[in-house]
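Enquirer: Each residue of the sequence shown is one higher than the one before, starting from 6 at the first, in the numbering used here. Glycine residues also receive a C-beta, built at the ideal position from the N, C-alpha and C atoms. Below is the structure I would like to discuss, written out as structure tokens.
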Amino acid sequence: MVERLALHGGPKAVTRVDELKRVSRWPVFTEEEKEAVCKLLESGNVYGSIAEFEREFASYMGVRYALATNNGTSSIHSAYFAVGVGPGDEVITSAYTWHLQVGQILALHAIPVFCDIDPKSACIDPDEVRRKITPRTKAIAVVHPYGAIAPMDELVEIAEEHGIAVVEDCSHAHGAKYKGRMVGTLGDVGCFSLQASKLMTAIEAGVMVTDNEEYYEKACLLGHYERIPKLKSEKYRRFYQPDKEMAPACFGFKYRIHPLAAAIARVQLRHLDEWTEIRRRNMCYITERLREVGEDCGGVLEPPYEAPGTERVWLNYICQYYADKAGVPRERFIEALNAEGLPASRGRTGYLPVYWNPIYEERVSMWGEGYPFDAPYVSRKVSYPRGLCPEAERYYKRTVGLPVLHREAEQELLEEYVWAVEKVLRNLNSLK
Ligand SMILES: Cc1ncc(COP(=O)(O)O)c(C=O)c1O
6 MVERLALHGG
16 PKAVTRVDEL
26 KRVSRWPVFT
36 EEEKEAVCKL
46 LESGNVYGSI
56 AEFEREFASY
66 MGVRYALATN
76 NGTSSIHSAY
86 FAVGVGPGDE
96 VITSAYTWHL
106 QVGQILALHA
116 IPVFCDIDPK
126 SACIDPDEVR
136 RKITPRTKAI
146 AVVHPYGAIA
156 PMDELVEIAE
166 EHGIAVVEDC
176 SHAHGAKYKG
186 RMVGTLGDVG
196 CFSLQASKLM
206 TAIEAGVMVT
216 DNEEYYEKAC
226 LLGHYERIPK
236 LKSEKYRRFY
246 QPDKEMAPAC
256 FGFKYRIHPL
266 AAAIARVQLR
276 HLDEWTEIRR
286 RNMCYITERL
296 REVGEDCGGV
306 LEPPYEAPGT
316 ERVWLNYICQ
326 YYADKAGVPR
336 ERFIEALNAE
346 GLPASRGRTG
356 YLPVYWNPIY
366 EERVSMWGEG
376 YPFDAPYVSR
386 KVSYPRGLCP
396 EAERYYKRTV
406 GLPVLHREAE
416 QELLEEYVWA
426 VEKVLRNLNS
436 LK
């Protein structure tokens, strides 16, 4: 006999309410960030933090170049530009990602080609990628959704076969590993958002990493005019020669990171691995337990997926709930979890198939009549009908978001977390 649901007047499964609130709060800043900011303000060298952050991040990632930017979106723009995406090119992207990863394709007058996901992980499906490649494909954009790592070996192999670039959007995957290698170094360029919700944050910032000198220099040319005099390539250096009577120029953007953000990012980087370990300890335990509970309850709930050979990270904790099998609508399941004291939601706001937005459905002329979708440089008509990526369309309807435990948690709290879910699953009949 299972205890009565809290929704029906039974005791709440979660009693350690303050602890849950404390350990699931994110982001958290300490005296260290405050000191770093004050020290920079008093240093007399307010821009000094940028190069230091880039040096440290490049060393952490084991890459030649890290280019800090004012946000993750600009790092993605820089990456696409760097690998040569231009008007009329096609970029393959997941249908299930943050919209700005796709919007930056349009910003270059290129055409997004949406690809379906593997429903286990929500990562882009390599078989689908293969099917969507055309002679105009310039790059594959790969996101690691919520910290689940995409099958990079397969994706890189496809890219190499076709001589196209892979841009990793690692905005959900700071500190994650794939077969022992750092996520973000597996494709040609890696991009990270350091926005406030991210696992390593500077409140608003981004960073792009690469081993490719040409890509780094092109990214500098796009948005970092002050770096141009130091670039190796004369073809770029000629745009800004301080010793010549000539106005400096870059390709029209200013993507410099705020130095205070860089100072904060340096502190966060120092703690990233230790935080990753704590989150993994908590969330891997919960996942293992929820997998057993889910299977035991008829496969109604699947916890998030960790692919073999990967050490995923936990930006969000997004489960799959099969309302049809359960016979209880998702909203009702979420309501019951909340009543047990476990904050639950439909998942992460804004994560729907990107092409459902009217910009894609209506192929909106963003840059003047017909541009970019029907511009003269576009060689084929790409359309975005409903049903284009059925797995992505189904996936978002099944998501249930539960808290990530970012800090050290007592075993009792982990047990209460699991029990809250188990209790609701074992009581589904009473919710019908
Ligand atoms: C997957 C992904 N890509 C790109 C971005 C854009 O980063 P930013 O908000 O720092 O511009 C985000 C931000 O949430 C994201 O989640």
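1. Around the C-beta of Pro381, are 16 or more other C-beta atoms found within 10 angstroms, so that it is buried, or is it exposed?
2. Does the Cβ of Leu105 lie closer than 7 Å to at least one heavy atom of ligand 1?
3. Out of Thr74, Ser435 and Ala414, point me to the one whose CA is closest to Glu24's CA.
4. Does Pro309 pass the burial test, meaning 16 or more other C-beta atoms within 10 Å, or should it be called exposed?
5. Could you tell me whether any non-hydrogen atom of ligand 1 is closer than 7 Å to the CB of Ser148?
6. Could you tell me how far apart the beta carbons of Ala72 and Met213 are, in whole angstroms, since I believe they sit closer than 8 Å?
7. If I measure Cβ to Cβ from Val107 and keep anything under 7 Å in the same chain, skipping five residues before and after, which residues do I get?
8. Hey, how far is the Cα of Leu265 from the Cα of Val42?
9. Gly77: beta carbon under 7 Å from a heavy atom of ligand 1?
10. Looking at Gly192: is its Cβ nearer than 8 Å to the Cβ of Glu218?
11. Check the C-beta distance from Gly228 over to Tyr260 and give it rounded, since I have them as a contact under 8 Å.
12. I'd like to confirm something about His177: is its beta-carbon nearer than 7 Å to some heavy atom of ligand 1, or not?
13. Between which two residues does the alpha helix (DSSP H) containing Glu24 stretch?
14. State buried or exposed for Val402, treating a residue as buried only when at least 16 other CB atoms are found within 10 Å of its CB.
15. Rounded to the nearest angstrom, how far is the Cβ of Val19 from that of Glu345, given a contact under 8 Å?
16. Using the rule of at least 16 other Cβ atoms within 10 Å of the residue's Cβ for burial, across every protein chain shown, is Thr354 buried or exposed?
17. Helix, strand or coil for Val96 per DSSP?
18. Does the distance from the C-beta atom of Val409 to that of Cys324 stay below 8 Å?
19. Using CA atoms only, rank isn't needed, just tell me which of Tyr400, Cys394, Lys428 and Val429 is closest to Ala100.
20. From what residue to what residue does the beta strand (DSSP E) around Gly195 run?
21. Could you give the first and the last residue of the continuous beta strand (DSSP E) run that contains Thr354?
Expert: Reading from the atomic positions:
1. exposed
2. yes
3. Ala414
4. buried
5. Here residue 148 is Val; the residue named in the question, Ser, does not match the sequence. It does: the Cβ of Val148 is within 7 Å (strictly closer) of some heavy atom of ligand 1.
6. This sequence places Leu at residue 72; Ala is not what is there. Right, the Cβ-Cβ distance comes to about 5 Å (below 8 Å), so this counts as a contact.
7. Thr98, Pro117 and Val359
8. 6 Å
9. yes
10. no
11. 3 Å
12. yes
13. Val22 to Ser29
14. Reading off the sequence shown, one finds Lys at residue 402, where the question assumed Val. Looking at its Cβ environment, which holds fewer than 16 other Cβ atoms inside 10 Å, Lys402 is exposed.
15. 6 Å
16. exposed
17. strand
18. no
19. Cys394
20. Val194 to Ser198
21. Neither: Thr354 is in no beta strand (DSSP E) and is coded neither H nor E.
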